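Chains as they are written, first to last, in this note's numbering: chain A, 1 to 403; chain B, 1001 to 1191. Beta carbons: idealized from backbone N, C-alpha and C, even for Gly. All values reported here derive from a predicted model rather than from experimental measurement.
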């Protein structure tokens, strides 16, 4: 097997189309990065730490521990910058190779909590540190950690997210981490979505080291970034189920391709009568920053109506469609919560019950999450809302939760 | 390569035609490998490079454009780098950002000049910083004073961003509540 190109699974709901008459067919694609580890890419990270007054005590302490964890995990080939922000921006560590670890750790011990939250300036300073050392062959990313709302400087979520998105297109991505119950999840989800990174809901500060480890292992296992995909199917109406930004020529911009973490996406096709011939086009930047491209022929044979009706439906596609449906239910439940209608939100999540069995064998983590949500919504709707948005973004970006 | 530092003597300025003439006289020294006359520049070249941002805008002496030694260095260096395969787009920010001393050093380097590739992320953030100045430094600031009720006032900075959503209002009011409670708890503060 070729070790430098991704492997693509093409799984149609049914293995053939109608000879006469149109066929509506759901198809699932699963993209796998090649297995072989070639050493991890260089990391160029900028950490923006919220040290506003509300971070006082346990949260700031845990955040600093998580930063210390980053220092320990990185090596001399990587760069790290650390910015602490409240209404002032303090550069704790200008972007530097991670060589003198004891000195870096000592700097972290000097951080104390302060005033209000100029989240945008904190992000911008960390981004500036990363951008100064922009390296096309490295992963250039800002990690923004906050427990609050942007209440100083630029505060409009859409305006902030626009800058984050523009920067992501220029090679610096953004991951956001929200701690506790008081942060603005709409802002952080939007930033991560446009920023091409992840959003993590840190329910307890004690989870921070684990979540940093997860982010770091994702970064370390990154095989390809700048991934673009197009489905070339003349005469076929194509609709993507996932939420990927679409480029000018119908190319979708996909998240980074990570080893050991397949990316799943589904299309709904409306096919004309007769056999289907198409092509999947995939393009990505490899570990050295070179653009690569892959074209895969797609084909489905046509059969008569009676035979088509009798064809089995693929259980993996059924499970993925169920996953999309329960993702939609979460979005609907959030909309109910926003109108203060907790019972309706809870009832919406309970509509997932009949789908749990379809999900169970394939996406066990979805079942756990939905069961937890159905009670959490009425007990603690703030936490439930944050979890649902985290899960929705993850699912629409073709990822899955930790089982 | 002769020392071109003399071009920077302050009395040396040129009109457009004189600049073109001076550049064409120097070009064979800067670009010895190019065929004679092949790389010659014209007034049109200079105006085009200026509009593309490779050259600083010229000074104006009455209605005539006046060019300095720095303009001449930018023009010669643009010619040299374009001949080496750089593009107008990547050169524009490089030539105008560099100090005159750097331009001179680049021009006099005998080997091929290597420019770092343009850094689009940094450029974006620098533009952003130029558009939106950083938070103001400490010093006198205008504030609004809002009387909520007898004995209770709120002071807010002139440009303080008020909450945008019910959730943000809620969070702000709770924060104010917490701040007020701390007053009543302070020993000797209030009964």
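DSSP assignment within the stretch 165 to 250 of chain A yields the following whole beta strand (DSSP E) runs of 3 residues or more, N-terminal first: 173 to 179, 196 to 202, 222 to 232, 237 to 240. Flagged as an interface residue toward chain B: residue 166 of chain A, by a C-beta distance shorter than 7 Å. In this structure, residue 1073 of chain B and residue 1019 of chain B do not form a Cβ contact; the two beta carbons are roughly 11 Å apart against a cut-off of 8 Å.
Minimum Cα-Cα distance from residue 44 of chain A among the listed residues A:142, A:232, A:399 corresponds to A:142.
Leaving aside the five residues that flank residue 232 of chain A on each side, the residues in its chain whose CB is nearer than 8 Å to its CB run, in chain order, 278, 279, 280, 281. Taking the beta carbon of residue 171 of chain A as reference, the chain B residues within 8 Å of it are 1120, 1121, listed in sequence order. For residue 303 of chain A, the secondary structure class from DSSP, reduced to helix, strand or coil, is strand.
The continuous alpha helix (DSSP H) containing residue 374 of chain A extends over residues 364 to 379.
Among the residues facing chain B, residue 375 of chain A is not included, as its CB has no counterpart in that chain under 7 Å away. The Cβ of residue 1078 of chain B sits no closer than 7 Å to any Cβ of chain A.
Judged by DSSP in its simplified three-state form, residue 32 of chain A adopts strand.
Within the stretch 64 to 90 of chain A, the complete beta strand (DSSP E) segments at least 3 residues long are 79 to 85, listed from N- to C-terminus.
In this structure, B:1157 is the residue among B:1169, B:1064, B:1071, B:1157 with its C-alpha nearest to the C-alpha of residue 87 of chain A. When C-beta atoms of the stretch 77 to 86 of chain A are compared with those of the stretch 117 to 125 of chain A, three or more pairs fall below 8 Å, so the two segments count as touching.
Residue 171 of chain A is positioned such that its CB atom lies no closer than 7 Å to that of residue 1129 of chain B. If you look at residue 140 of chain A, you'll find it in the beta strand (DSSP E) that goes 139 to 146. Counting the other Cβ atoms within 10 Å of the Cβ of residue 1155 of chain B gives fewer than 16, which makes it exposed.
Taking the Cβ atoms as the reference, residue 54 of chain A lies roughly 18 Å from residue 207 of chain A, outside the contact range of under 8 Å. For a cut-off of 8 Å, the C-beta gap from residue 1123 of chain B to residue 1093 of chain B is around 7 Å, short enough to register as a contact. By the neighbour-count criterion, in which a residue is buried when 16 or more other Cβ atoms sit within 10 angstroms of its Cβ, residue 155 of chain A is buried. The Cβ-Cβ distance between residue 179 of chain A and residue 218 of chain A does not fall below 7 Å.
Within the stretch 111 to 126 of chain A, contact with chain B at the beta-carbon level (separation under 7 Å) is assigned to 118, 121, 124. Judged by DSSP secondary structure, residue 150 of chain A falls outside any alpha helix (DSSP H); it is assigned neither H nor E.
Taking all protein chains shown into account, residue 46 of chain A has 16 or more neighbouring C-beta atoms within 10 Å of its C-beta and is therefore buried.
Per the coordinates, the alpha-carbon of residue 116 of chain A lies some 21 Å from the alpha-carbon of residue 67 of chain A. In this structure, the alpha-carbon of residue 332 of chain A lies about 14 Å from that of residue 393 of chain A. Within the DSSP secondary-structure output, residue 44 of chain A pairs in a beta bridge with A:79, A:140.
By the criterion of at least three beta-carbon pairs nearer than 8 Å, the stretch 288 to 300 of chain A is not in contact with the stretch 63 to 78 of chain A. In this structure, the straight-line span from the alpha carbon of residue 76 of chain A to that of residue 350 of chain A is close to 50 Å. If you keep only unbroken alpha helix (DSSP H) runs of at least 4 residues inside the stretch 1156 to 1184 of chain B, you get nothing at all.
Excluding five sequence positions before and after residue 140 of chain A, the CB atoms of its chain that fall closer than 6 Å to its own CB belong to 44, 130, 134, 171, 172, given in chain order. For residue 1125 of chain B, a Cβ of chain A is located within less than 7 Å of the residue's own Cβ.
Residue 322 of chain A is classed as buried because its beta carbon has at least 16 other beta carbons within 10 Å across all chains shown. Inter-residue distance for residue 220 of chain A and residue 212 of chain A is about 12 Å (C-alpha atoms, whole angstroms). Residue-level contact by beta carbon fails for residue 188 of chain A and chain B, as no gap is shorter than 7 Å. Residue pairing for residue 294 of chain A: DSSP places it in a beta bridge opposite A:282.
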